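Worksheet: the structure to be examined is printed underneath.
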Amino acid sequence: MNKYHQQSDGSYLIDGMTIPNCSGNRHHQQMIEEVDGGIAEIVPYVEPSISDVDLAINVRADRDARIESVQWRFERYARHARLGLDQIDDLSLLDSHVQALADISQQSNFPHEIDWPELQGG
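Everything in the sequence shown is counted per the working numbering, starting at 7 for the first residue and increasing by one.
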């Protein structure tokens with residue numbers, strides 16, 4: 007039996023397509039005919055939930071991307087040091103920022119609520 011998922015706004019989700027709840031829509035008419043003919047049913051739409059494990063994987067991937075986004079600044083710091091150029095970044099602030107990102111999994115509400123650290127002075 008086909009299942010048509012009715013969303014909270016009254017529309018229907020059919021094969022990934024949202025169908026408005028209006029009788030002039032041919033998809034809506036087809037759905038009603040199938041329901042009336044007993045070959046389909048309308049069920050409430052339930053938003054799929056993500057497991058804590060999958061959520062933690064996603065948060066860690068976001069964290070890794072944030073760390074990656076500042077790696078070039080460490081490389082610039084090292085290059086400037088080798089060349090004897092003035093430094094632009096404060097290495098201790100960069101280190102603290104990256105360590106705070108690395109430690110997000112230690113936050114009390116991980117992985118549901120993340121207090122993302124901001125790079126200070128940066």
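Built from N, CA and C at the ideal position, the CB exists for glycine as well.
As the structure is a prediction and not an experimental result, all values here were calculated from the model.
Specify whether the stretch 53–68 and the stretch 108–120 touch according to this definition: at least 3 beta carbon pairs, one from each stretch, less than 8 Å apart.
Yes, they touch.
How would you call Leu100, buried or exposed, if buried means at least 16 neighbouring beta carbons within 10 angstroms?
Buried is the call here.
Mapping the DSSP letters down to three states, classify Ile73 as helix, strand or coil.
Here Ile73 sits in helix by DSSP.
Of the residues Glu124, Gln93, Asn115, which one's Cα is nearest the Cα of Gln105?
The residue with the shortest Cα to Cα distance from Gln105 is Glu124.
Do the stretch 9–17 and the stretch 38–48 touch if we need at least three Cβ pairs shorter than 8 Å?
Contact holds: three or more Cβ-Cβ distances are below 8 Å.
Would the stretch 83–102 and the stretch 46–64 be scored as touching if the rule is three or more Cβ pairs under 8 Å?
They do not touch, by the three-pair rule.
My guess is that Arg72 and Leu107 are in contact by the Cβ rule of under 8 Å, so how many angstroms apart are they, rounded?
Yes, Arg72 and Leu107 are in contact; Cβ-Cβ is about 5 Å, under 8 Å.
Work out the CA separation of Glu74 and Leu61 for me, nearest whole Å.
C-alpha separation (whole angstroms): 20 Å.
Which word fits Ile63, buried or exposed, when buried means at least 16 other C-beta atoms lie within 10 angstroms of its C-beta?
By the neighbour-count rule (16 or more Cβ atoms within 10 Å), Ile63 is not buried but exposed.
Hey, could you find the ends of the beta strand (DSSP E) Gln12 is sitting in?
Looking at the DSSP string, the run of the beta strand (DSSP E) that includes Gln12 is 8–12.
What separation, rounded to the nearest whole angstrom, lies between the Cα atoms of Leu91 and Leu97?
Straight-line Cα distance between these residues: approximately 14 Å.
Tell me the rounded alpha-carbon separation between Gln35 and Asp58.
For Gln35 and Asp58, the distance between alpha carbons rounds to 40 Å.
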